[in-house]
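Structure first, then comments.
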Amino acid sequence: MPTFHECQRCTACCRWPGQVKLSEEEISEIAKYLKLSEEAFIQSHTRLNTSRTGLALMDKPNGECIFLDGDLCRIQPVKPQQCRDFPNLWNFPGFEKSCQSVPIELNDEDYLQRIFEATGRRLELPSIRKDFQ
Ligand code: SF4
Ligand code: SF4
13 MPTFHECQRC
23 TACCRWPGQV
33 KLSEEEISEI
43 AKYLKLSEEA
53 FIQSHTRLNT
63 SRTGLALMDK
73 PNGECIFLDG
83 DLCRIQPVKP
93 QQCRDFPNLW
103 NFPGFEKSCQ
113 SVPIELNDED
123 YLQRIFEATG
133 RRLELPSIRK
143 DFQ
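If you want it as structure tokens, here you go:
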């Protein structure tokens, strides 16, 4: 049975070092949500990603994501796909030590439904196994 990792909203993944990459579509969506022009949003909230191939969210001086406000994400309804996909569709060895998500074994149908609710992606098991695991 597949294992779904249920987020406990501990916000550790919004605080640890790394980068949240942005697609052009996400830039438009977030700028619109914040009622900013895309140019203003890019200037005030983004930086070049480390491979210089696109943009990523800016960090605060303490390393947290610029959109973390206490324990809340200021752009929750339009947060980037990278944030939605962790930890179920991408993670790293030993992530369980830093992430408080609870592993739950589900039947295939319930697992795919929970993946959809968490990530917005309607996926099938073979494609998850091929593309994300
Ligand atoms: S955009 Fe929101 S969910 Fe993503 S890292 Fe920043 S605060 Fe966390
Ligand atoms: S995915 Fe993990 S680290 Fe991120 S908020 Fe949820 S429980 Fe915390």
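Plus 12 on top of the position in the sequence shown (first one is 1) and you've got our numbering.
C-beta atoms are modelled at their ideal positions from N, C-alpha and C, and glycine is treated no differently.
The closest CA to that of Gln112, considering only Gly132, Ala24, Ile78, is found on Ala24. Between Val32 and Cys85, the CB-CB gap reaches or exceeds 8 Å.
The stretch 103-123 makes contact with the stretch 14-24; the number of CB pairs closer than 8 Å reaches 3 or more. Under the DSSP assignment, Glu51 falls in the alpha helix (DSSP H) whose first and last residues are 50-57.
In the DSSP assignment, Thr15 falls within the unbroken beta strand (DSSP E) covering 15-18. Between the stretch 63-75 and the stretch 29-45 there are three or more C-beta pairs closer than 8 Å, enough to call the two in contact. With a cutoff of 7 Å, Phe144 does not count as near ligand 2, since its C-beta is closer than that to no heavy atom of the ligand.
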